[in-house]
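Presented below is the structure to which this report refers.
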Amino acid sequence: MVSIPKSQPIKSLKELLAWQPGQDEYNVANTPLHLRPSPTLSASPYSDCRVIVCHDMAGGYAEDASPQGNSYSTLYSIQYWNHVDVFIYFSHSLITIPPVVWTNAAHRNGVRCLGTIITEWLPGVLVTDEMVSGPGQAFVDQEGNDIVDRRFFSRAYADKLVQLAVYFKFDGWFINIESILRGGNKQAEQMYAFLAYLRKRLHEAIPNGGELIWYDSVISSTGEVAWQDKLSSENYRFFEQSDGIFTNYTWKEGYVAESAALAGSRNRDVYTGIDIWGRNTFGGGGYTAYKALEVIQRDKTSCALFAPAWTYEFLDKKDFLTNDRLFWTGFHGDKDNKAFLPISAYIPARPSGCSSWFYSNFDRGFGHGFWVNGKVRI
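Using UniProt numbering, the first residue of the sequence shown is number 1, and each one after it goes up by one.
See below:
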(Lines of atoms letter the chains of each structure in order from A and count residues from 1; the text may use other names and numbers.)
(Lines give C-alpha, C1' and ligand atoms only; values in the text may rest on other atoms or scores of the structure.)
Protein backbone atom coordinates (compact mmCIF):
# COMPACT_ATOMS: atom_id res chain seq x y z
CA MET A 1 0.00 0.00 0.00
CA VAL A 2 1.36 3.42 -0.97
CA SER A 3 1.30 5.97 1.83
CA ILE A 4 0.61 9.65 1.17
CA PRO A 5 3.56 11.90 2.11
CA LYS A 6 2.90 14.09 5.14
CA SER A 7 4.81 16.87 6.85
CA GLN A 8 5.34 16.01 10.50
CA PRO A 9 7.29 17.05 13.59
CA ILE A 10 9.94 15.17 15.57
CA LYS A 11 8.56 14.31 18.99
CA SER A 12 11.59 13.13 20.98
CA LEU A 13 15.35 13.57 21.21
CA LYS A 14 15.72 9.85 20.54
CA GLU A 15 13.90 10.33 17.25
CA LEU A 16 16.07 13.37 16.46
CA LEU A 17 19.26 11.42 17.12
CA ALA A 18 18.12 8.59 14.85
CA TRP A 19 17.16 10.91 11.98
CA GLN A 20 19.47 10.93 8.96
CA PRO A 21 19.51 13.16 5.86
CA GLY A 22 18.07 11.48 2.79
CA GLN A 23 14.74 10.62 4.37
CA ASP A 24 11.40 12.20 3.42
CA GLU A 25 12.38 13.83 0.12
CA TYR A 26 8.80 14.97 -0.51
CA ASN A 27 9.18 17.53 2.27
CA VAL A 28 12.38 19.12 0.99
CA ALA A 29 11.77 22.70 -0.18
CA ASN A 30 12.53 23.40 -3.84
CA THR A 31 12.42 27.21 -3.76
CA PRO A 32 15.55 29.08 -2.61
CA LEU A 33 15.19 32.22 -0.53
CA HIS A 34 14.75 35.18 -2.90
CA LEU A 35 16.75 38.12 -1.63
CA ARG A 36 14.71 41.31 -1.60
CA PRO A 37 16.04 44.53 -3.10
CA SER A 38 17.18 47.19 -0.67
CA PRO A 39 14.53 49.78 0.25
CA THR A 40 14.60 52.95 -1.85
CA LEU A 41 15.84 56.28 -0.55
CA SER A 42 12.22 57.37 -0.10
CA ALA A 43 11.41 54.40 2.15
CA SER A 44 9.23 54.96 5.18
CA PRO A 45 10.94 55.75 8.52
CA TYR A 46 9.18 52.59 9.71
CA SER A 47 11.01 50.40 7.17
CA ASP A 48 13.68 49.11 9.55
CA CYS A 49 11.07 47.56 11.87
CA ARG A 50 11.25 43.84 11.08
CA VAL A 51 8.16 41.64 11.31
CA ILE A 52 7.90 38.05 12.51
CA VAL A 53 4.72 36.11 11.84
CA CYS A 54 4.48 33.17 14.25
CA HIS A 55 1.90 30.81 12.76
CA ASP A 56 0.13 28.82 15.50
CA MET A 57 -3.11 27.32 14.21
CA ALA A 58 -5.13 24.30 15.38
CA GLY A 59 -2.07 22.49 16.72
CA GLY A 60 -0.27 22.56 13.37
CA TYR A 61 0.08 20.02 10.56
CA ALA A 62 -3.56 20.11 9.49
CA GLU A 63 -4.54 21.80 6.21
CA ASP A 64 -0.87 22.25 5.37
CA ALA A 65 0.40 18.73 6.16
CA SER A 66 0.27 17.29 2.65
CA PRO A 67 2.98 18.44 0.20
CA GLN A 68 0.88 17.06 -2.66
CA GLY A 69 -2.27 19.03 -1.89
CA ASN A 70 -5.50 18.22 -0.05
CA SER A 71 -9.26 18.34 -0.37
CA TYR A 72 -10.07 21.02 2.22
CA SER A 73 -12.85 23.32 1.06
CA THR A 74 -11.29 26.26 2.92
CA LEU A 75 -7.63 26.98 3.48
CA TYR A 76 -5.54 29.48 5.45
CA SER A 77 -2.72 31.16 3.60
CA ILE A 78 -0.72 34.33 4.05
CA GLN A 79 -1.92 36.88 1.52
CA TYR A 80 0.41 39.73 2.47
CA TRP A 81 3.95 38.38 2.56
CA ASN A 82 5.14 41.86 1.54
CA HIS A 83 4.59 42.96 5.16
CA VAL A 84 6.54 40.02 6.66
CA ASP A 85 10.28 39.35 7.13
CA VAL A 86 10.42 36.09 9.11
CA PHE A 87 7.86 33.27 9.25
CA ILE A 88 7.88 30.85 12.21
CA TYR A 89 5.90 27.62 12.01
CA PHE A 90 4.79 26.79 15.55
CA SER A 91 3.37 23.70 17.21
CA HIS A 92 3.66 22.15 20.66
CA SER A 93 5.71 19.18 19.45
CA LEU A 94 9.34 19.11 20.58
CA ILE A 95 10.80 19.87 17.14
CA THR A 96 8.51 21.49 14.59
CA ILE A 97 9.76 21.19 11.03
CA PRO A 98 7.93 23.68 8.78
CA PRO A 99 5.70 21.97 6.20
CA VAL A 100 7.37 22.32 2.82
CA VAL A 101 4.42 24.30 1.43
CA TRP A 102 5.19 27.09 3.90
CA THR A 103 8.95 27.11 3.25
CA ASN A 104 8.42 27.37 -0.51
CA ALA A 105 5.80 30.12 -0.16
CA ALA A 106 7.94 32.12 2.26
CA HIS A 107 11.09 31.83 0.15
CA ARG A 108 9.23 32.80 -3.01
CA ASN A 109 8.35 36.07 -1.29
CA GLY A 110 11.75 36.82 0.23
CA VAL A 111 10.77 35.69 3.75
CA ARG A 112 12.90 33.47 5.99
CA CYS A 113 11.19 30.35 7.35
CA LEU A 114 12.02 28.97 10.82
CA GLY A 115 11.09 25.81 12.66
CA THR A 116 10.37 25.68 16.40
CA ILE A 117 12.06 23.89 19.30
CA ILE A 118 9.90 23.86 22.42
CA THR A 119 10.16 22.27 25.86
CA GLU A 120 7.28 22.81 28.25
CA TRP A 121 6.63 22.51 31.96
CA LEU A 122 7.70 19.49 34.03
CA PRO A 123 7.98 16.96 31.15
CA GLY A 124 10.33 19.35 29.37
CA VAL A 125 12.86 19.64 32.20
CA LEU A 126 14.77 16.43 31.43
CA VAL A 127 14.46 17.07 27.69
CA THR A 128 16.15 20.45 28.08
CA ASP A 129 18.85 18.85 30.26
CA GLU A 130 19.66 16.27 27.62
CA MET A 131 19.49 18.72 24.73
CA VAL A 132 22.33 20.84 26.12
CA SER A 133 24.30 18.10 27.94
CA GLY A 134 24.07 15.42 25.26
CA PRO A 135 22.81 11.85 25.02
CA GLY A 136 23.93 9.14 27.40
CA GLN A 137 26.31 7.33 25.07
CA ALA A 138 29.73 8.66 24.10
CA PHE A 139 30.13 10.21 20.66
CA VAL A 140 33.37 9.52 18.82
CA ASP A 141 34.75 10.42 15.44
CA GLN A 142 36.08 7.90 12.89
CA GLU A 143 39.40 7.67 14.71
CA GLY A 144 37.67 6.91 17.99
CA ASN A 145 38.32 10.30 19.57
CA ASP A 146 35.66 11.84 21.79
CA ILE A 147 34.18 14.79 19.87
CA VAL A 148 31.74 15.98 22.53
CA ASP A 149 32.97 18.35 25.22
CA ARG A 150 31.17 16.89 28.23
CA ARG A 151 32.80 19.38 30.56
CA PHE A 152 30.25 21.98 29.59
CA PHE A 153 27.81 21.28 26.75
CA SER A 154 27.28 18.80 23.95
CA ARG A 155 27.16 19.59 20.24
CA ALA A 156 25.29 16.39 19.38
CA TYR A 157 21.75 17.76 19.19
CA ALA A 158 22.80 21.18 17.88
CA ASP A 159 24.48 19.48 14.93
CA LYS A 160 21.32 17.45 14.25
CA LEU A 161 19.22 20.62 14.28
CA VAL A 162 21.53 22.20 11.72
CA GLN A 163 21.31 19.06 9.57
CA LEU A 164 17.51 19.22 9.65
CA ALA A 165 17.44 22.84 8.49
CA VAL A 166 20.00 22.20 5.75
CA TYR A 167 18.27 19.06 4.46
CA PHE A 168 14.72 20.44 4.43
CA LYS A 169 16.04 23.84 3.25
CA PHE A 170 14.46 26.13 5.82
CA ASP A 171 16.39 28.95 7.48
CA GLY A 172 16.83 28.28 11.18
CA TRP A 173 15.11 27.90 14.52
CA PHE A 174 12.88 29.61 17.05
CA ILE A 175 13.76 28.31 20.53
CA ASN A 176 11.08 28.39 23.22
CA ILE A 177 12.24 26.89 26.54
CA GLU A 178 9.24 26.97 28.86
CA SER A 179 10.51 24.42 31.36
CA ILE A 180 12.87 25.31 34.18
CA LEU A 181 16.61 24.95 33.90
CA ARG A 182 17.01 22.81 37.00
CA GLY A 183 20.72 23.58 37.18
CA GLY A 184 19.90 27.25 37.69
CA ASN A 185 22.55 29.76 36.68
CA LYS A 186 25.08 27.04 35.80
CA GLN A 187 22.67 25.45 33.33
CA ALA A 188 21.89 28.90 31.93
CA GLU A 189 25.62 29.18 31.18
CA GLN A 190 25.39 25.84 29.35
CA MET A 191 22.47 27.15 27.35
CA TYR A 192 24.42 30.27 26.32
CA ALA A 193 27.19 28.05 24.95
CA PHE A 194 24.69 25.77 23.19
CA LEU A 195 23.00 28.77 21.54
CA ALA A 196 26.30 30.35 20.49
CA TYR A 197 27.40 27.11 18.84
CA LEU A 198 24.04 26.49 17.16
CA ARG A 199 23.91 30.05 15.84
CA LYS A 200 27.45 29.86 14.46
CA ARG A 201 26.73 26.56 12.69
CA LEU A 202 23.46 27.84 11.22
CA HIS A 203 25.19 30.92 9.85
CA GLU A 204 27.90 28.77 8.28
CA ALA A 205 25.67 26.05 6.85
CA ILE A 206 22.65 27.87 5.43
CA PRO A 207 22.79 29.99 2.26
CA ASN A 208 22.48 33.73 3.04
CA GLY A 209 22.97 32.93 6.72
CA GLY A 210 20.69 31.03 9.07
CA GLU A 211 18.69 32.65 11.84
CA LEU A 212 18.20 31.82 15.53
CA ILE A 213 15.44 33.53 17.54
CA TRP A 214 15.08 33.10 21.32
CA TYR A 215 11.80 33.38 23.24
CA ASP A 216 11.52 35.44 26.43
CA SER A 217 10.89 32.64 28.93
CA VAL A 218 13.54 31.30 31.34
CA ILE A 219 15.72 33.73 33.29
CA SER A 220 19.46 33.67 33.84
CA SER A 221 19.71 34.07 37.60
CA THR A 222 17.65 31.04 38.68
CA GLY A 223 16.70 29.16 35.51
CA GLU A 224 13.01 29.61 36.32
CA VAL A 225 10.33 30.34 33.73
CA ALA A 226 9.55 34.02 34.34
CA TRP A 227 8.40 35.98 31.31
CA GLN A 228 9.91 39.46 31.31
CA ASP A 229 7.71 40.91 28.52
CA LYS A 230 10.76 42.90 27.42
CA LEU A 231 14.51 42.66 27.04
CA SER A 232 15.93 42.73 30.56
CA SER A 233 19.07 41.82 32.49
CA GLU A 234 17.47 38.42 33.11
CA ASN A 235 17.27 37.42 29.44
CA TYR A 236 19.96 39.64 27.91
CA ARG A 237 22.64 36.96 27.63
CA PHE A 238 20.27 34.65 25.76
CA PHE A 239 19.66 37.60 23.42
CA GLU A 240 23.43 38.07 23.02
CA GLN A 241 23.82 34.51 21.71
CA SER A 242 20.87 34.76 19.29
CA ASP A 243 19.92 36.77 16.23
CA GLY A 244 16.92 38.17 18.05
CA ILE A 245 14.54 37.79 20.98
CA PHE A 246 10.76 37.41 20.73
CA THR A 247 9.30 38.96 23.88
CA ASN A 248 6.22 37.66 25.64
CA TYR A 249 3.12 39.62 24.69
CA THR A 250 1.76 40.81 28.08
CA TRP A 251 3.92 43.93 28.09
CA LYS A 252 3.10 47.42 29.35
CA GLU A 253 3.64 50.56 27.31
CA GLY A 254 6.96 51.60 28.85
CA TYR A 255 8.53 48.18 28.31
CA VAL A 256 9.20 48.73 24.60
CA ALA A 257 11.37 51.79 25.23
CA GLU A 258 13.22 49.89 27.97
CA SER A 259 13.91 47.04 25.55
CA ALA A 260 15.22 49.40 22.89
CA ALA A 261 17.47 51.22 25.36
CA LEU A 262 19.02 48.01 26.69
CA ALA A 263 19.52 46.57 23.20
CA GLY A 264 21.37 49.67 21.98
CA SER A 265 22.34 49.31 18.33
CA ARG A 266 20.50 45.96 18.22
CA ASN A 267 17.14 47.53 19.08
CA ARG A 268 15.46 46.14 15.96
CA ASP A 269 16.61 42.62 16.96
CA VAL A 270 14.05 42.79 19.76
CA TYR A 271 10.73 41.46 18.43
CA THR A 272 8.04 42.78 20.75
CA GLY A 273 5.24 40.22 20.85
CA ILE A 274 1.60 40.91 19.95
CA ASP A 275 -0.99 38.15 20.47
CA ILE A 276 -3.52 38.66 17.70
CA TRP A 277 -6.06 36.70 19.77
CA GLY A 278 -5.82 39.51 22.34
CA ARG A 279 -4.87 37.44 25.40
CA ASN A 280 -3.66 40.12 27.84
CA THR A 281 -1.82 41.81 25.00
CA PHE A 282 -1.28 45.56 24.74
CA GLY A 283 -3.90 47.15 22.47
CA GLY A 284 -6.21 44.14 22.53
CA GLY A 285 -5.01 42.26 19.42
CA GLY A 286 -7.31 41.56 16.47
CA TYR A 287 -8.33 44.64 14.54
CA THR A 288 -6.81 46.87 17.24
CA ALA A 289 -3.30 45.38 16.99
CA TYR A 290 -2.26 48.70 15.42
CA LYS A 291 -2.30 50.24 18.93
CA ALA A 292 0.63 48.01 19.89
CA LEU A 293 2.39 48.71 16.59
CA GLU A 294 2.10 52.45 17.21
CA VAL A 295 4.09 52.07 20.45
CA ILE A 296 6.57 49.65 18.88
CA GLN A 297 7.32 52.01 15.99
CA ARG A 298 7.53 55.03 18.28
CA ASP A 299 10.02 53.32 20.59
CA LYS A 300 11.87 51.49 17.80
CA THR A 301 11.94 47.75 18.30
CA SER A 302 10.69 45.17 15.82
CA CYS A 303 7.48 43.18 16.24
CA ALA A 304 6.26 39.58 16.32
CA LEU A 305 2.64 38.87 15.37
CA PHE A 306 1.53 35.71 17.14
CA ALA A 307 -1.25 33.67 15.50
CA PRO A 308 -2.55 36.08 12.83
CA ALA A 309 -4.61 33.15 11.48
CA TRP A 310 -7.16 34.61 13.93
CA THR A 311 -8.76 36.09 10.81
CA TYR A 312 -9.44 32.52 9.67
CA GLU A 313 -9.85 30.50 12.89
CA PHE A 314 -11.88 32.93 14.99
CA LEU A 315 -13.80 34.81 12.32
CA ASP A 316 -15.99 33.15 9.70
CA LYS A 317 -13.82 31.08 7.33
CA LYS A 318 -16.05 31.82 4.35
CA ASP A 319 -15.24 35.53 4.76
CA PHE A 320 -11.52 34.92 5.31
CA LEU A 321 -10.25 36.89 2.32
CA THR A 322 -12.26 39.96 3.28
CA ASN A 323 -11.38 39.72 6.98
CA ASP A 324 -7.70 39.13 6.29
CA ARG A 325 -7.49 42.05 3.90
CA LEU A 326 -9.15 44.27 6.51
CA PHE A 327 -6.57 43.16 9.10
CA TRP A 328 -3.49 43.63 6.93
CA THR A 329 -4.23 46.47 4.51
CA GLY A 330 -7.72 47.78 5.23
CA PHE A 331 -10.00 49.19 2.58
CA HIS A 332 -10.06 52.53 0.82
CA GLY A 333 -10.33 55.30 3.41
CA ASP A 334 -9.42 53.14 6.42
CA LYS A 335 -6.14 54.99 6.98
CA ASP A 336 -8.15 58.10 7.81
CA ASN A 337 -10.28 56.20 10.34
CA LYS A 338 -8.56 56.65 13.72
CA ALA A 339 -10.81 54.03 15.33
CA PHE A 340 -9.24 51.39 13.10
CA LEU A 341 -5.93 51.13 11.29
CA PRO A 342 -4.61 48.06 9.45
CA ILE A 343 -1.17 46.51 9.99
CA SER A 344 0.07 48.28 6.85
CA ALA A 345 -0.44 51.67 8.52
CA TYR A 346 2.65 50.93 10.64
CA ILE A 347 4.39 48.20 8.62
CA PRO A 348 5.21 49.41 5.09
CA ALA A 349 5.29 46.94 2.21
CA ARG A 350 8.68 45.46 1.44
CA PRO A 351 10.11 45.58 -2.11
CA SER A 352 8.78 42.78 -4.31
CA GLY A 353 10.67 40.18 -6.29
CA CYS A 354 14.40 40.60 -6.58
CA SER A 355 16.70 43.33 -7.90
CA SER A 356 16.19 42.46 -11.57
CA TRP A 357 12.70 40.99 -12.11
CA PHE A 358 9.23 40.49 -10.71
CA TYR A 359 6.63 37.93 -11.82
CA SER A 360 3.03 37.24 -10.85
CA ASN A 361 0.23 35.25 -12.49
CA PHE A 362 -2.30 36.49 -9.91
CA ASP A 363 -2.96 32.91 -8.81
CA ARG A 364 -3.24 32.28 -5.07
CA GLY A 365 -1.83 28.78 -5.54
CA PHE A 366 -4.81 26.74 -4.41
CA GLY A 367 -8.42 26.15 -5.41
CA HIS A 368 -10.69 23.55 -6.99
CA GLY A 369 -9.19 23.22 -10.46
CA PHE A 370 -5.91 23.10 -12.38
CA TRP A 371 -5.31 25.11 -15.55
CA VAL A 372 -2.49 25.07 -18.10
CA ASN A 373 -2.35 27.97 -20.57
CA GLY A 374 -5.89 28.90 -19.59
CA LYS A 375 -7.35 25.44 -20.21
CA VAL A 376 -8.85 23.28 -17.48
CA ARG A 377 -6.83 20.07 -17.05
CA ILE A 378 -8.24 18.79 -13.74
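Backbone N, C-alpha and C define an ideal beta-carbon position, used for all residues, glycine too.
The closest CA to that of D171, considering only I118, P5, L33, is found on L33. Scanning V53, P123, T301 for the CA closest to the CA of E258 turns up T301. Non-local beta-carbon contacts of Y236 in its own chain, meaning distances under 7 angstroms to residues more than five positions away in sequence, involve L262 in chain order.
Contact between R268 and D64 fails: their C-beta atoms lie close to 29 angstroms from each other, not under 8 angstroms. Between L195 and F238 the beta-carbon gap is near 7 angstroms, inside 8 angstroms, which marks them as a contact. Judged by DSSP in its simplified three-state form, V295 adopts helix. In the three-state reduction of the DSSP assignment, S344 falls in the helix class, which pools H, G and I. The beta carbon of V376 sits closer than 7 angstroms to the beta carbons of G369 from its chain, once the five residues preceding and following it are set aside; these are given in chain order.
Apart from sequence neighbours up to five positions away, the residues of its chain that approach L114 with a beta-carbon distance below 8 angstroms are V86, F87, I88, Y89, P98, F170, D171, G172, W173, F174, E211, I213, ordered along the chain. In terms of CA proximity to Q163, Q23 leads the group E189, Q23, R266. Per the DSSP secondary-structure output, F87 pairs in a beta bridge with V53, C113.
Residue environment: A18 is assigned as exposed (fewer than 16 neighbouring CB atoms within 10 Å of its CB, all protein chains considered). Here DSSP, grouped into helix, strand and coil, assigns L305 to strand. Between the C-alpha atoms of S360 and I177 there is a straight-line separation of about 40 angstroms. In this structure, the beta-carbon distance from A289 to L315 does not fall below 9 angstroms. For E294, the closest alpha carbon among the candidates W310, T329, F331, V256 is that of V256. Rounded to whole angstroms, the separation of the alpha carbons of N323 and N30 is 31 angstroms.
Closest option to R201, judged by alpha-carbon separation, among D229, D243, L231: D243.
Counting of Cβ neighbours within 10 angstroms places S44 among the exposed residues, the total staying below 16. DSSP places V28 in no beta strand (DSSP E); its state is neither H nor E.
Around the CB of I4, fewer than 16 other CB atoms lie within 10 Å, so the residue is classed as exposed. Under the three-state reduction of DSSP, L17 is assigned to helix.
The residue among E224, S352, V372 with its C-alpha nearest the C-alpha of W81 is S352. Within the same chain, and ignoring the five residues on either side of N104 in sequence, the residues whose Cβ sits closer than 7 angstroms to its Cβ are A29, N30, T31. When the Cα atoms are used, N373 and D319 turn out to be separated by approximately 29 angstroms.
With 16 or more other Cβ atoms inside 10 Å of its own Cβ, Y249 counts as buried. If you draw a 10 Å sphere on the C-beta of A188, you find 16 or more other C-beta atoms in it, and that means buried.
In this structure A106 is buried. Its beta-carbon is surrounded by 16 or more other beta-carbon atoms within 10 angstroms. Excluding residues up to 5 positions away in sequence, Y290 lie with their Cβ nearer than 6 angstroms to the Cβ of L341 in the same chain. In this structure F331 is exposed. Its beta-carbon is surrounded by fewer than 16 other beta-carbon atoms within 10 angstroms. By the C-beta density criterion, P21 is exposed, having fewer than 16 other C-beta atoms within 10 angstroms. In the three-state reduction of the DSSP assignment, N280 falls in the coil class. Around H55, the same chain offers F87, I88, Y89, F90, A309 as residues with beta carbons nearer than 7 angstroms, after the five sequence neighbours per side are excluded.
Uninterrupted beta strand (DSSP E) stretches at least 3 residues long and entirely within the region 196-273 occur at 211-215, 244-246, given in chain order.
In the three-state reduction of the DSSP assignment, N82 falls in the helix class, which pools H, G and I. E63 sits in coil when the DSSP states are folded into three classes, being neither helix nor strand.
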